[in-house]
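Q: First the structure, then my questions, so here it is.
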Amino acid sequence: MFKIVKREEMAEGTVILNEIEAPAIARKAKPGQFVILKANEDGERIPLTMAETDKAKGTITIIYMVVGKSTALFRDLKVGDSYQDVIGPLGKPTHLEKKGKVICIGGGTGVAVLHPITRAMKEIGNEVTCIIGARTKDLLILEKQMKEASHDLRVCTDDGSYGHHGFVTEVMKEVLEQGDIKEVVAIGPVPMMAAVCRITREYDVPTLVSLNPIMVDGTGMCGGCRVSVGGETKFACVDGPEFDGHKVDFDELWLRLQAYLEDEKKCHKEYCNLHKVQ
Amino acid sequence: MADTPAKPVKNPRIPMPEQDPKVRARNFLEVPTGYTHKMAQDEAARCLQCKKPACVQGCPVGVDIPGFINLIAEGEMTKAIRHLWTMNALPAVCGRVCPQEIQCEGLCVVGKKGEPVAIGNLERYCADYERAHGTGELPPKAAPTGKKVAVVGSGPSGLTVAGDLIVRGHDVTIYEAFHKAGGVLVYGIPEFRLPKEIVAQEINFLERLGVKLICNAVVGRTVSLDELFDEGYDAIYVGVGAGLPRFMNIPGENLVGILSANEYLTRANLMKAYKFPDVDTPIPMGKKVVVLGAGNVAMDAARTAMRLGADNVKIVYRRSREEMPARAAEIHHAEEEGIEMFLLTNPTTYLGNDKGRLTGMVCLRMELGEPDDSGRRRPVPIKGSEFEIECDLCIVAVGSGANPLLTSETPDMRLNKWGYIIAEEKTGKTTKKGVWAGGDIVTGAATVILAMGAGRQAATSMHDYLMLGW
Chain A
11 MFKIVKREEM AEGTVILNEI EAPAIARKAK PGQFVILKAN EDGERIPLTM AETDKAKGTI
71 TIIYMVVGKS TALFRDLKVG DSYQDVIGPL GKPTHLEKKG KVICIGGGTG VAVLHPITRA
131 MKEIGNEVTC IIGARTKDLL ILEKQMKEAS HDLRVCTDDG SYGHHGFVTE VMKEVLEQGD
191 IKEVVAIGPV PMMAAVCRIT REYDVPTLVS LNPIMVDGTG MCGGCRVSVG GETKFACVDG
251 PEFDGHKVDF DELWLRLQAY LEDEKKCHKE YCNLHKVQ
Chain B
72 MADTPAKPVK NPRIPMPEQD PKVRARNFLE VPTGYTHKMA QDEAARCLQC KKPACVQGCP
132 VGVDIPGFIN LIAEGEMTKA IRHLWTMNAL PAVCGRVCPQ EIQCEGLCVV GKKGEPVAIG
192 NLERYCADYE RAHGTGELPP KAAPTGKKVA VVGSGPSGLT VAGDLIVRGH DVTIYEAFHK
252 AGGVLVYGIP EFRLPKEIVA QEINFLERLG VKLICNAVVG RTVSLDELFD EGYDAIYVGV
312 GAGLPRFMNI PGENLVGILS ANEYLTRANL MKAYKFPDVD TPIPMGKKVV VLGAGNVAMD
372 AARTAMRLGA DNVKIVYRRS REEMPARAAE IHHAEEEGIE MFLLTNPTTY LGNDKGRLTG
432 MVCLRMELGE PDDSGRRRPV PIKGSEFEIE CDLCIVAVGS GANPLLTSET PDMRLNKWGY
492 IIAEEKTGKT TKKGVWAGGD IVTGAATVIL AMGAGRQAAT SMHDYLMLGW
């Protein structure tokens, strides 16, 4: 059992932070790696990239958006409750290299995954511009942390309630125009990553993306997480989760993410109904 | 020379009672329902009690077959199971999933002039009897040796090693990557062939003997082999299975609705997705299903799809019936349940719709040509024979490769050119000191009992090492 020692609600309760006791994982985890969590006996195995690890305390932190039954189950766990299973660290860590000027760009809960990578990028001597965005001001997460982790933080909201009025890609374009950007790291919803890659390809700037496809075991055994990268099939769980964004087939990834949409809706609705009844 | 019977045995083999095919094709209950006490005793009486039993030669773990059968014939069921346990820690599993027809029963002398003694059915009966009526009394254990052993992977070979070493007095801990122990016995083999309750009880038996079990531990990621040595283990057994699904590498393979058999069966068996939405893991409910491949895994996938409500399920296989690698009994069961065989057929392209979902596949008819490297006649495409099969779910069951997760993190352990661990055939010793390996990660995908046989040999070698040195 893996006890929750801290829980926070963010973005008007749509995003939840859990700090979880998992000393064996915390000891080995590096930025960019993920864990698989399962709430209870009948629960689904859900992959989530770690937002933080604390070797001394033996804890890992995940930040997730409540989108279906499984994440609703996670949301309903309180401090002192436990996840039945947490497995990791899985996937390859981020390849970190001192390159000079880099952009770290995040949307939605992707910002949580981006945070440790941004901090590590800065620590090894890169000059980091960070761009984060959300639909509206109240849905923005980790602004303070991202400011500390980077040299220059730019914030965007779709509705203009805070920072730049518009998408992260618009701000990224401005920064790219100033030139000399050596790498972009983009983590967020698939359409955002695809849009970022379309632009950085024009500027010929290498772009790293972190993918979160459907998976079961996370150890290369099932092949459910296959993605096309440069025309080759890769398993995101063991070959990734990070890939060269210019080679990823985002359209295919998007379609594959919809595989169980109807099932998920049905399952979530039943869960919500049940809880209203009780 | 084995004893030859003076005259053919008159009593015919007692058939295993089974659920009716029409009924069972839509439920997940076990297909064979098991012998009654009388059936077991009658079948046991058919054994000739050969002095030099051929059947034992066919058993990878060397079970004293006439010995335990004689105890059944005498009605000594408790003694019979204890006798089985001396050579086989998992009789309830082996009685159900071993390919007896090519092992013990294939060599049975009675089988020369009639049907062989139903050794598998009798083994199963003993184990089931113990579960229903047993005292729970454990076999004796040697005094503690003070030596610590880590077993990586809780599949059939790992469980055998753990069982063999715990009774010899060693301190044994199993590391399992999944959240539940049992390896292929829980994620791969379906409930209707091997009820998970039985696997859980076999593992509980090992735990009662003192074996420690750590789940959710991915060796190679959560902890490395060297870190296990640092934690004080004296020897390590690696039995992680093959665990890398092969695909066809033909156009359209990433369409939604195409799954590896590993994924499909893991969802159905380990995650119990056949109970969705009562459990949270979904599984594609195909109406028109194609399974590629013709091994035991393909049969398991096809029969699972039928039970999940498919209108039709087709096995598509590029060779002929003769070359199908599945056990005869599994093919028979599948056909009884209405699974169609599209033999000498090979897919060339998957077809999909604008939502990226599978709608069918283009196949070619094949004919058999000259024998290939495997000694089987090579399937050759017939020109112009393309035809389409409509399907909304395709399960790819064309074999597994070596999963590199652990081996890539263990550079000082040598692998062969296919990525399998190089281990001595008789002992399972790898090229890394203090590390043994066995099962599918050494041999490539094989059977439960062969993995157990490798575990048995490795356990013997590990015991010698722990007591005497490398």
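If you read the protein sequences in the order shown, they are chains A and B.
Its first residue numbered 11, the first sequence is counted upward by one per residue in our numbering.
Its first residue numbered 72, the second sequence is counted upward by one per residue in our numbering.
Note that the Cβ used here is the ideal one computed from N, Cα and C, for glycine as well.
Remember, it's a predicted structure, so these values are computed and weren't measured experimentally.
Shortest alpha-carbon distance to B/Q90 belongs to which of B/E408, B/E480, B/G427, B/G526?
A: Of the candidates B/E408, B/E480, B/G427, B/G526, the one whose C-alpha sits nearest the C-alpha of B/Q90 is B/E408.
Q: Looking at C-alpha atoms only, which residue of B/E147, B/A151, B/C126, B/L193 is the closest neighbour of B/I173?
A: Here the closest residue by C-alpha is B/C126.
Q: In terms of residues, what are the limits of the alpha helix (DSSP H) holding B/M523?
A: First-last of the alpha helix (DSSP H) with B/M523: 519 to 539.
Q: What residues in the segment 95 to 110 of chain A bring their beta carbon closer than 8 Å to a beta carbon of chain E?
A: This model lacks chain E altogether; the protein chains it does include are A and B.
Q: Examine chain A for any beta-carbon lying closer than 8 Å to the beta-carbon of B/L414, and answer yes or no.
A: Chain A, which has no Cβ nearer than 8 Å to the Cβ of B/L414, makes this no.
Q: Give the secondary structure of B/T481 by DSSP, where H, G and I count as helix, E and B as strand, and everything else as coil.
A: Looking at B/T481 - three-state DSSP - the assignment turns out to be coil, as it is neither helix nor strand.
Q: As a quick exercise: from B/R167, B/P124, B/I140, pick the residue whose alpha carbon is nearest that of B/H154.
A: Looking at the Cα atoms, B/I140 is the closest of the given residues.
Q: Compare the C-beta of A/I35 against all C-beta atoms of chain B and say whether one is closer than 8 Å.
A: Chain B contact via Cβ: present.
Q: Would you mind working out which of A/M202, A/I35, A/A82, A/Q155 sits nearest B/R292, comparing C-alpha positions?
A: If we check each option's Cα against that of B/R292, A/I35 comes out closest.
Q: Is it buried or exposed, B/T419, if we count other Cβ atoms within 10 angstroms and call 16 or more buried?
A: With fewer than 16 Cβ atoms within 10 Å of its Cβ, B/T419 is classed as exposed.
Q: Any C-beta of chain B sitting closer than 8 Å to the C-beta of A/G120?
A: Not one chain B Cβ lies under 8 Å of A/G120.
Q: Can you give me the C-alpha to C-alpha distance between A/T69 and B/D235, rounded to a whole angstrom?
A: Distance between the alpha carbons of A/T69 and B/D235 is about 37 Å.
Q: Roughly how many angstroms lie between the CA atoms of A/G241 and A/G42, to the nearest whole one?
A: Going from the Cα of A/G241 to the Cα of A/G42 covers about 24 Å.
Q: For chain A, check one thing: does any of its Cβ atoms lie closer than 8 Å to the Cβ of B/K426?
A: Yes, B/K426 counts as interfacial toward chain A.
Q: Within the same chain, show all residues whose beta-carbon is closer than 6 Å to that of A/D259, passing over the 5 residues directly before and after it, in chain order.
A: Same-chain partners within the cutoff: S238.
Q: When burial is assigned at 16 or more other CB atoms within 10 Å of the CB, is B/Q171 buried or exposed?
A: Label assigned to B/Q171: buried.
Q: Can you name the start and end residues of the beta strand (DSSP E) that B/R436 belongs to?
A: Here the beta strand (DSSP E) through B/R436 covers 429 to 442.
Q: Whose Cβ in chain B lies nearer than 9 Å to the Cβ of A/M203?
A: Residues of chain B passing the Cβ test: none, with the nearest at roughly 18 Å.
Q: Please report whether the beta-carbon of B/V613 lies at a distance below 8 Å from any beta-carbon of chain A.
A: Residue 613 of chain B is absent from the model: chain B starts at 72 and stops at 541.
Q: Beta carbons nearer than 8 Å to chain B: which residues of the segment 49 to 65 of chain A have them?
A: Listed by position, the residues of the segment 49 to 65 of chain A near chain B (Cβ gap below 8 Å) are D52, G53, E54, R55.
Q: Give the residues of chain B in contact with A/Y270, contact being defined as C-beta atoms less than 7 Å apart.
A: P353, listed in chain order.
Q: In chain order, what are the residue ranges of uninterrupted beta strand (DSSP E) at least 3 long that sit wholly in the segment 179 to 265 of chain A?
A: Qualifying beta strand (DSSP E) stretches, in chain order: 191 to 197, 217 to 220, 236 to 239, 242 to 245, 252 to 254.
Q: Compare the Cα-Cα distances from B/K204 to each of B/G314, B/M148, B/L142, B/I274 and report the closest residue.
A: Rather than Lys, the amino acid found at residue 204 of chain B in this sequence is His. Among B/G314, B/M148, B/L142, B/I274, the Cα nearest to that of B/H204 belongs to B/M148.
Q: Within 10 Å of its beta-carbon, does A/V89 have 16 or more other beta-carbons around it, so buried, or fewer, so exposed?
A: Exposed.
Q: Where A/L150 and B/R264 are concerned, what is the direct C-alpha to C-alpha distance, given to the nearest angstrom?
A: Cα to Cα, A/L150 sits roughly 51 Å from B/R264.
Q: Check the Cβ-Cβ distances between B/E247 and every residue of chain A, and say whether any is below 8 Å.
A: Not one chain A Cβ lies under 8 Å of B/E247.
Q: Within 10 Å of its beta-carbon, does B/M484 have 16 or more other beta-carbons around it, so buried, or fewer, so exposed?
A: Buried, because 16 or more other Cβ atoms sit within 10 Å of the Cβ of B/M484.
Q: Take B/E334 as the anchor and find which of B/S532, B/D301, B/E441, B/V257 has the nearest alpha-carbon.
A: Minimum Cα distance to B/E334 is reached at B/V257.
Q: Please give the ranges of any alpha helix (DSSP H) in the segment 451 to 482 of chain B, keeping only runs that are unbroken, at least 4 residues long and fully inside the region.
A: For the segment 451 to 482 of chain B, whole alpha helix (DSSP H) runs of length 4 or above, ordered along the chain, are 475 to 478.
Q: Considering Cα atoms alone, identify which of B/L521, B/T481, B/S532, B/T244 is closest to B/S228.
A: Comparing Cα positions, the closest option is B/L521.
Q: Taking 8 Å as the cut-off, decide whether the C-beta atoms of B/G505 and B/D305 are in contact.
A: Taking 8 Å as the Cβ cut-off, B/G505 and B/D305 qualify as a contacting pair.
Q: Express the C-alpha separation of B/P124 and B/A73 in angstroms, rounding to a whole number.
A: Confidence is the limiting factor: at B/A73 the pLDDT is only 48, short of 50, which leaves the residue's position unreliable, though a coordinate-based value still follows. Roughly 6 Å separates the two Cα atoms.
Q: So that I know if they touch, is there some Cβ in chain A lying closer than 8 Å to that of B/P58?
A: Since the displayed chain B opens at 72 and closes at 541, residue 58 of chain B lies outside it and no answer follows.
Q: Note down the Cα distance separating B/T375 from B/K358, rounded to an integer number of angstroms.
A: If I take the Cα positions, the gap works out to 12 Å.
Q: Give the interface partners of A/S80 over in chain B, defined as CB-CB distance under 8 Å, in chain order.
A: Here the neighbours are D351.
Q: Which stretch, first to last residue, makes up the beta strand (DSSP E) that contains A/K48?
A: That run of the beta strand (DSSP E) goes 44 to 48.
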